[in-house]
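K.L.:
Starting off with a structure, shown below.
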Amino acid sequence: MMNEPTLETRTWQDETRRVAHGIRRRVLEHTIDNNGGYLTQACSAAETLATLYVRVMNLGPSEAPLVPEPFPGVPGPRNPHYFTGARYNGPQAPHLDRLIFSPAHYALVLYATLVEVGRMAPEGLAQFNQDGSTVEMIGAEHSPGMETTTGSLAQALSQAGGIALARKLRGDSGRVWVYMSDGEFQEGQTWEAFQALAHYRLDNVGIYVDVNAHQCDGLMTDVMNIEPLKEKLEAFGARVFQVDGHDVEALAAPAELAPDGRPLVVLAYTQPWYGLELLKEREPKMHYVRFKSEAERDRYREALERMTSEN
Amino acid sequence: MEIVSRPHARNLIEWAKDKPEVVVLSADLTGSCEVDDFRDTYPDRFFSMGMAEQNMMGFAAGLAREGYTPFIHTFAVFIYRRPYDQVAMSIAYPNLRVRLMGFLPGITTPGGVTHQAIEDIAVLRALPNMTILECGDATEVESVLDVAQAVDGPVYVRVLRGQVPRLFPKSEPMRKGLARVLRRGTDLTVLSTGICTEEALRATAALAYRGVSIRHLHVSTLKPFNAAEALDAIAGSRYGVITMENHSIIGGLGTIVAETLAEAGLGKKLVRIGLNDTFAHGASRPYLMKKYGLDAMALVRAVERLTGERLDLTEDDLAEVRLDSVHSDAKVEAL
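Heads up: the sequence lines are chains V and S, in that order.
Be aware that the first sequence starts at 7, since it is given in my numbering, and climbs by one per residue.
Be aware that the second sequence starts at -16, since it is given in my numbering, and climbs by one per residue.
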């Protein structure tokens, strides 16, 4: 496989950084080609998702076709053909981990991650937002890498809690990883979920949060402040680590700790322009990038060329 | 007529005995939803989720994905209003086997407008994958669990609690998609659901005495609705059909029947008894049924409207009707 690391010469840190770089490059390329994309999310999330897939999560090999199958119709009693995007994360087994992906609008970033770790073919990314494809703009549970339908934000953590509770009851050793965005901490359901995770001592849940401090309307400190997040979460009974979200070692370290009865939270403080300084000019409107002019698009093309040559 | 005390409480424990996949989730209304004995009997299968319904729906969804069958227990109103998005996206879209046990439906609660689920059927009926059942007596409370459990998808149940009459013999359990034929006649059809069936029985007995020939069906499966059965009854009715439900006249049984008639091109008059596009308020059930026109007298008035005849029945006439448990001839019909 093209992206397979040569383990003799590359450390996991090298591989994680390569994946993160690849995520940014692929999402930038996509954004240029389509004049639009969730590009800042790729810049903030790249290291975290790369670390989860390369280092943290214990997943089996993908069980899905490299090129995603078309939309099989919605789930229901009359549709035996529905499939889950979780197949890209490998089989379900007592000892294996699960990923519950909460911010469904980060789908493009997740798809790029799957390509970089060899779970999806690059052609899969070309199906993004195409009619009849499962590689949807705001993914649902048939979309590659997704197990739940969480485009209505803050619903994933509760579902992960139910899955984790069931796994505790069964005595599974595998963990349930949840990827979240910081905006979801404005929703009441998130706090209901933390309350329940702590109450039932679901320490088999590990949550990585992309704290990029931006949301659709702009800076979170202007729209609705959520800080101090660490203190709030600790008060809710979580075991919280605040890390540099672009430092792969810092991101991976909390996952190495033995569970202690508390749900684990890794607050990955990130910059939505990390690795692509040009994006800084768009402050504070970072949620979705659409170029204002062909000249601007050209400047991003140049950035892409530089990024590609760095690879 | 037998009155059964807390039918769900004992029945659920017995029913769940050999079903380790059945778990109960409660949002701080455990005694109020008659699952306190379940909690004490199977403490490892009971999960207190606190007053946090949105999260409870997500936990139920996660448990269902892992092969458990969560039975959510709370008041009907708290199942669909606050956590509607969670019911829709976390449970209904993936067609998960979650059972939403809604207690105190409609005006059966004195808790007032915040506690009265009056548009729950309207709202949840519009959700793809959702099955909707409503209990009309103790026998149905006891047998609805089997009906719900056989559904491969989410089920919403309107459950009755406390002192519940047994209108139908224990030997005649609820059956999915099959109404109970409680009376046969040719002047008009009455379709009733839930607690309105008891009221309807009071009225139909008195009306029959006055010579009105009524076909009375008790409906417990609201979705999917057995249109053929209803149409067959209504087509044979001279004056038309009356629906009677403990719900808004918009979106529930009345609407279902209206859609059914229109789609079949069956031009029969329809009178909808129910909350007439109004909220209710906190008071006793008999008071509310009278005030909002959901009682036996409301059916008498509807029959008068439909037939154009004054029947001169008084409240006393209706109160005198003695209700015994009614054998449905649905079984015969199904053969």
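For every residue, glycine included, the Cβ atom is placed at its ideal position computed from N, Cα and C.
Using a Cβ-Cβ distance under 9 angstroms, would residue 215 of chain V count as near chain S?
P.N.:
Chain S, which has no Cβ nearer than 9 angstroms to the Cβ of residue 215 of chain V, makes this no.
K.L.:
For residue -14 of chain S, which residues in the same chain have their Cβ closer than 6 angstroms to its Cβ, ignoring the five residues on either side in sequence?
P.N.:
These residues qualify, in order along the chain: 146 and 148.
K.L.:
Short of 9 angstroms Cβ to Cβ, which residues in the stretch 142 to 155 of chain V face chain S?
P.N.:
From the stretch 142 to 155 of chain V, only 146, 147, 153, 154 and 155 have a Cβ closer than 9 angstroms to chain S.
K.L.:
Going by the CB atoms, is the gap between residue 88 of chain S and residue 320 of chain S shorter than 9 angstroms?
P.N.:
Because chain S here runs from -16 to 318, residue 320 of chain S falls outside it and cannot be looked at.
K.L.:
With a threshold of 16 other CB atoms inside 10 Å of the CB of residue -9 of chain S, please say whether the residue is buried or exposed.
P.N.:
That one is buried.
K.L.:
Just verifying my parser: in three-state terms, what is the DSSP assignment at residue 148 of chain S?
P.N.:
In this structure, residue 148 of chain S counts as strand in the three-state DSSP scheme.
K.L.:
Which residues bound the beta strand (DSSP E) around residue 178 of chain S?
P.N.:
Residue 178 of chain S -> no beta strand (DSSP E), and no H or E assigned at all.
K.L.:
On the DSSP letters alone, give me the boundaries of the beta strand (DSSP E) that residue 151 of chain V sits inside.
P.N.:
First-last for residue 151 of chain V: undefined, no H or E at that position.
K.L.:
Can you give me the start and stop residues for the alpha helix (DSSP H) that residue 287 of chain S sits inside?
P.N.:
Looking at the DSSP string, the run of the alpha helix (DSSP H) that includes residue 287 of chain S is 279 to 290.
K.L.:
Excluding five sequence neighbours on each side, which residues of the same chain lie with their C-beta closer than 8 angstroms to the C-beta of residue 316 of chain S?
P.N.:
Caution is warranted here: a pLDDT of 38 is assigned to residue 316 of chain S, below 50, making its placement in the model unreliable, and no coordinate value can be reported.
K.L.:
Using a Cβ-Cβ cut-off of 9 angstroms, state whether residue 19 of chain V counts as contacting chain S.
P.N.:
It does not; no Cβ of chain S falls within 9 angstroms.
K.L.:
Report all residues from its chain with a CB closer than 6 angstroms to the CB of residue 56 of chain V; omit the five preceding and five following residues, and keep chain order.
P.N.:
Excluding sequence neighbours, residue 56 of chain V sits near 22, 25 and 26.
K.L.:
Measure the C-alpha to C-alpha separation of residue 319 of chain S and residue 183 of chain S and round it to an integer number of angstroms.
P.N.:
Lying outside -16 to 318, the shown extent of chain S, residue 319 of chain S is not represented and no answer is given.
K.L.:
From which residue to which residue does the alpha helix (DSSP H) around residue 185 of chain V run?
P.N.:
Taken as a continuous stretch (DSSP letters only), residue 185 of chain V belongs to no alpha helix (DSSP H), being part of the beta strand (DSSP E) at 182 to 187.
K.L.:
Candidates V:235, V:52, V:104 and V:128: which alpha carbon is nearest residue 271 of chain V's?
P.N.:
The candidate whose alpha carbon is nearest that of residue 271 of chain V is V:235.
K.L.:
Can you name, in chain order, every residue of its own chain whose Cβ lies under 6 angstroms from the Cβ of residue 210 of chain S, other than the five neighbours on each side?
P.N.:
Same-chain partners within the cutoff: 243.
K.L.:
Which two residues bound the contiguous beta strand (DSSP E) that contains residue 108 of chain V?
P.N.:
Run containing residue 108 of chain V: none; DSSP gives neither H nor E here.
K.L.:
Leaving aside the five residues before and after residue 292 of chain V along the sequence, list all residues of the same chain whose C-beta is less than 6 angstroms from its C-beta, in chain order.
P.N.:
If we look at residue 292 of chain V and ignore the five residues flanking it on each side, its Cβ neighbours are 46, 220 and 278.
K.L.:
Which same chain residues, not among the five before or five after residue -5 of chain S, have their C-beta less than 6 angstroms away from its C-beta?
P.N.:
Hits under 6 angstroms: 21.
K.L.:
Kindly indicate which three-state DSSP category residue 223 of chain S falls into: helix, strand or coil?
P.N.:
Of the three classes helix, strand and coil, the one that applies to residue 223 of chain S here is strand, per DSSP.
K.L.:
Since residue 136 of chain S meets chain V, which of its residues come closer than 8 angstroms, beta carbon to beta carbon?
P.N.:
Residues of chain V passing the Cβ test: 82 and 83.
K.L.:
Return the chain-ordered list of same chain residues with a C-beta closer than 6 angstroms to the C-beta of residue 66 of chain V, the five sequence neighbours on each side being excluded.
P.N.:
Excluding sequence neighbours, residue 66 of chain V sits near 96, 97 and 102.
K.L.:
Of the residues that make up the stretch 48 to 77 of chain S, which ones have a beta carbon closer than 9 angstroms to any beta carbon in chain C?
P.N.:
This model lacks chain C altogether, as its protein chains are V and S.
K.L.:
Under 9 angstroms, Cβ to Cβ, is there at least one residue of chain V near residue 151 of chain S?
P.N.:
Closer than 9 angstroms: no.
K.L.:
Taking 7 angstroms as the limit between beta carbons, can you name the residues of its chain near residue 224 of chain V, skipping five residues before and five after?
P.N.:
For residue 224 of chain V, where only same-chain residues beyond five positions count, the Cβ hits under 7 angstroms are 290 and 291.
K.L.:
Flag residue 206 of chain V as yes if its beta-carbon sits less than 9 angstroms from any beta-carbon of chain S, otherwise no.
P.N.:
Closer than 9 angstroms: yes.
K.L.:
Would you kindly work out how many angstroms separate the C-alpha atoms of residue 113 of chain S and residue 7 of chain S, rounded to a whole number?
P.N.:
So the alpha carbons of these two residues sit roughly 19 angstroms apart.
K.L.:
Determine, using beta carbons only, whether residue 44 of chain S comes closer than 9 angstroms to chain V.
P.N.:
At least one chain V Cβ lies under 9 angstroms of residue 44 of chain S.
K.L.:
I'd like to know if residue 37 of chain S contacts chain V, where contact means its C-beta is closer than 9 angstroms to some C-beta of that chain.
P.N.:
Answer yes: the Cβ-Cβ gap between residue 37 of chain S and chain V drops below 9 angstroms somewhere.
K.L.:
Can you grab the Cα-Cα spacing for the pair residue 7 of chain V / residue 77 of chain S, in whole Å?
P.N.:
With a pLDDT of 45 at residue 7 of chain V, under the threshold of 50, the modelled position of that residue is not reliable, and the figure given next carries that caveat. Spanning the two alpha carbons is a distance of roughly 34 angstroms.
K.L.:
Do you know offhand how far residue 73 of chain S's Cα is from residue 44 of chain S's?
P.N.:
The alpha-carbon atoms of residue 73 of chain S and residue 44 of chain S are separated by roughly 6 angstroms.
K.L.:
Give every residue of the same chain whose Cβ lies closer than 6 angstroms to the Cβ of residue 166 of chain S, excluding the five residues on either side of it in the sequence, and list them in chain order.
P.N.:
Here the set comprises 187, 197 and 199.
K.L.:
Which residues in the same chain have their Cβ closer than 7 angstroms to the Cβ of residue 46 of chain S, if we skip the five residues on either side of it in sequence?
P.N.:
Excluding sequence neighbours, residue 46 of chain S sits near 6 and 53.
K.L.:
At a CB-CB cut-off below 8 angstroms, which residues of chain V make contact with residue 112 of chain S?
P.N.:
Result: 81, 82 and 83.
K.L.:
Going straight from the alpha carbon of residue 223 of chain S to that of residue 58 of chain S, what length do you get?
P.N.:
Cα to Cα, residue 223 of chain S sits roughly 35 angstroms from residue 58 of chain S.
K.L.:
Specify, as a first and last residue, the run of the alpha helix (DSSP H) that residue 195 of chain V falls within.
P.N.:
Element bounds for residue 195 of chain V: 194 to 205.
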